[in-house]
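Just add 175 to the spot in the sequence shown (first one is 1) and you have my numbering.
Note that beta-carbon positions come from the ideal geometry of N, C-alpha and C, so glycine has one too.
Here the structure is a predicted model, which means the values were calculated and not measured.
The structure under discussion appears below in the form of structure tokens.
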Amino acid sequence: MLRCLGQMLGFMLLVTLVIWIPCAVYTLVSWDYMSKEDTYTQLDREFYEKLRPLVIPSFLGVQIHGAEDDSDTEKNLTVLRDAIDHTDADVWANISADLVSIDRVQEQFESNAVVAVEYFNDDREFFDVRFDSAILRETLGGQQGRDAIVRMMDSWENCSPSQETEISQYLAGDTETFPFCQPRNPDNQAEMQQRLQGYMNVLADSLPDQFILRNEITKGGDTTLTEVDQTFERFRKGVLFFDRLTPLAGLIPIMLFSLLVMVAVRSAKDLFLWGGLTFAVSGLFVFIPLFAWLSNLVSSPQAIATDPMEQLAGDAIIAFQRSIAQDMLGPLGVFGIGMLIIGVMGIVIAAVIRGPDEPPEQQMFYLTPNPNMAYPQAMMPPQTQSFGSTPSPRPTPPPVPRPPTPPPVPKPPTDSQESNIVVDFADDKTITPSDSTFKDDEGQS
176 MLRCLGQMLG FMLLVTLVIW IPCAVYTLVS WDYMSKEDTY TQLDREFYEK
226 LRPLVIPSFL GVQIHGAEDD SDTEKNLTVL RDAIDHTDAD VWANISADLV
276 SIDRVQEQFE SNAVVAVEYF NDDREFFDVR FDSAILRETL GGQQGRDAIV
326 RMMDSWENCS PSQETEISQY LAGDTETFPF CQPRNPDNQA EMQQRLQGYM
376 NVLADSLPDQ FILRNEITKG GDTTLTEVDQ TFERFRKGVL FFDRLTPLAG
426 LIPIMLFSLL VMVAVRSAKD LFLWGGLTFA VSGLFVFIPL FAWLSNLVSS
476 PQAIATDPME QLAGDAIIAF QRSIAQDMLG PLGVFGIGML IIGVMGIVIA
526 AVIRGPDEPP EQQMFYLTPN PNMAYPQAMM PPQTQSFGST PSPRPTPPPV
576 PRPPTPPPVP KPPTDSQESN IVVDFADDKT ITPSDSTFKD DEGQS
């Protein structure tokens, strides 16, 4: 019963181990990789190509957040953002290629990624992330910005008669919303282009020469710079606390396997068997995400989203994962192969070595009756008794009393014993050994 209970507990611990060990391996390897500066300075160029279309919408969103509520700046920038959102993702990616330099994107990203890593590693006092936006401001306010508006409108579908009416109402100031389509009326089309180009100039004028994240967060609200720094500090403490806890991810499997040894292992054969199963199955589970990453490297998937900006953001995330996966495949592959080899070796050793001898079955012994004691024949145990199972109890027959044994008859002394016999009577009569016979007072021998 206890052995069966130990096997059940061991199986539960085994399931916990094969789930926890792959998670621990990926946590340790990923966290070590993500906390290094080289991770962000050696990304593929594909990632920056996917990141480039998100630069202008990101600046646009920050400027809308920093503008006063219900102000003309907020309304105009909101219309420009909606216009970009209604543009096809591929079209906007081609437009962004003419507005934003990919080399500048890579330079700004790498420098700020290094600042972020140093801050969260407690090597920097402030989260001093900043972007140089002077070149982008000149580009958006120039001819390239105006051409971008024309290309956006050309990608829209032609307006229906009802939509044409809504655009005329918007241009007249009767409404604040309008459908994003290409007007059929040349006058409306020209005026819409001028309106959107003016909104692009508003964005360019609102951009500073250097975009400092800490300062931009304080705009449009009552938050002070000190409160922003305190918020980042609390987040950094959480990151550092998690960094201190990551070694436990490797110690918990050791503790669980120790419990497994205590409850389920009874010999060296059991030790190799349980240990081999743990390492082999865990090694297989380590390989499952690797196969998914390899398929991403081969198939180059794209994010599926209805919103163009969400699709572009998803494509950038996939490109980032694909870029770092190429460097993480090596350590994770070594872990997986090593665990699989150790597990298979443990299973093979468990199959080869000899297990402990099974304890002999409990045998039942019966007292054989004494020949001198009369037992009833019906109460005698059968001669061919099985030693397998315990027989049913039988009443013990009462013993039959034997007749009393008569006292032994004294033997006369031998010749060798006569020389040692001296009898002394109370009446001073002495019999010596030379007297072969003697008579008592009545004359009897």
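For residue i and residue j, which I take to be in contact (beta-carbon distance under 8 Å), what is that distance rounded to the nearest angstrom?
i, j, result
"N287", "Y374", "Contact flag wrong, Cβ pair sits at about 28 Å."
"V200", "V461", "6 Å"
"I196", "P464", "Contact doesn't hold; Cβ gap of about 13 Å is too wide."
"N333", "Q357", "5 Å"
"S335", "T262", "Incorrect: roughly 19 Å between the Cβ atoms, too far for contact."
"K394", "G236", "Not really, about 13 Å apart at Cβ, beyond 8 Å."
"L189", "T401", "About 52 Å separates the two Cβ atoms, so there is no contact after all."
"G451", "A525", "6 Å"
"S308", "F234", "7 Å"
Would DSSP call residue i helix, strand or coil?
i, result
"R577", "coil"
"I387", "strand"
"D307", "strand"
"N269", "helix"
"Q283", "helix"
"N333", "strand"
"Q486", "helix"
"Q357", "strand"
"T444", "The question names Thr, yet the displayed sequence has Lys at residue 444. Here K444 sits in helix by DSSP."
"K250", "helix"
"V275", "coil"
"H261", "coil"
"R321", "helix"
"E339", "helix"
"A242", "coil"
"Y550", "The predicted model places Y550 with a pLDDT of 47, which falls under 50 and marks its position as unreliable; any figure quoted below should be read in that light. Reduced to three states, the DSSP call for Y550 is coil."
"T605", "At T605 the pLDDT is 49, less than 50, meaning the model places this residue with poor confidence; the figure from the coordinates comes in the next sentence. The answer is strand: DSSP assigns T605 an E or B state."
"P232", "helix"
"L218", "coil"
"E408", "helix"
"N376", "helix"
"E402", "helix"
"D397", "coil"
"V193", "helix"
"E300", "coil"
"T314", "helix"
"S205", "helix"
"I528", "coil"
"L423", "helix"
"T453", "helix"
"L226", "helix"
"G348", "coil"
"P506", "helix"
Ignore the nearest five residues each way along the sequence and tell me which others in residue i's own chain have a CB closer than 7 Å to its CB.
i, result
"E224", "I277"
"T151", "This structure gives no information on residue 151, because the portion of the chain shown stretches from 176 to 620."
Taking 8 Å as the cut-off, decide whether the C-beta atoms of residue i and residue j are in contact.
i, j, result
"V292", "E212", "yes"
"G518", "G458", "yes"
"M328", "Q368", "yes"
"L378", "L255", "yes"
"R299", "I387", "no"
"D297", "L415", "yes"
"G530", "F447", "no"
"Y294", "R411", "yes"
"D303", "V290", "yes"
"T191", "L431", "yes"
"I392", "T398", "yes"
"L507", "V204", "yes"
"F355", "D247", "no"
"K444", "I528", "yes"
"E249", "I259", "no"
"D404", "F510", "no"
"R359", "I310", "no"
When you compare the CB of residue i with every CB in chain D, is at least one pair closer than 8 Å?
i, result
"Q319", "In the structure shown, chain D cannot be found, because there is only a single protein chain."
Who are the near neighbours of residue i in its chain, counting only those whose CB is closer than 6 Å to its CB and skipping five residues on each side?
i, result
"T214", "Y208"
"F353", "E341, I342, Y345"
"T216", "E285"
"V456", "V193"
"M514", "F454, S457, G458"
What does a CB cutoff of less than 8 Å around residue i pick up in its chain, not counting 5 residues either side in sequence?
i, result
"D273", "Q319, D322, A323"
"S498", "L218, D219, E221, F222"
Whether or not the segment 376-391 and the segment 327-345 are in contact is what I'm after, with contact meaning three or more pairs of Cβ atoms, one per stretch, closer than 8 Å; do they touch?
no
Is the segment 438-454 close to the segment 178-188, with three or more CB pairs under 8 Å?
yes
Would you be able to state if there are at least three C-beta pairs under 8 Å between the segment 218-233 and the segment 266-276?
yes
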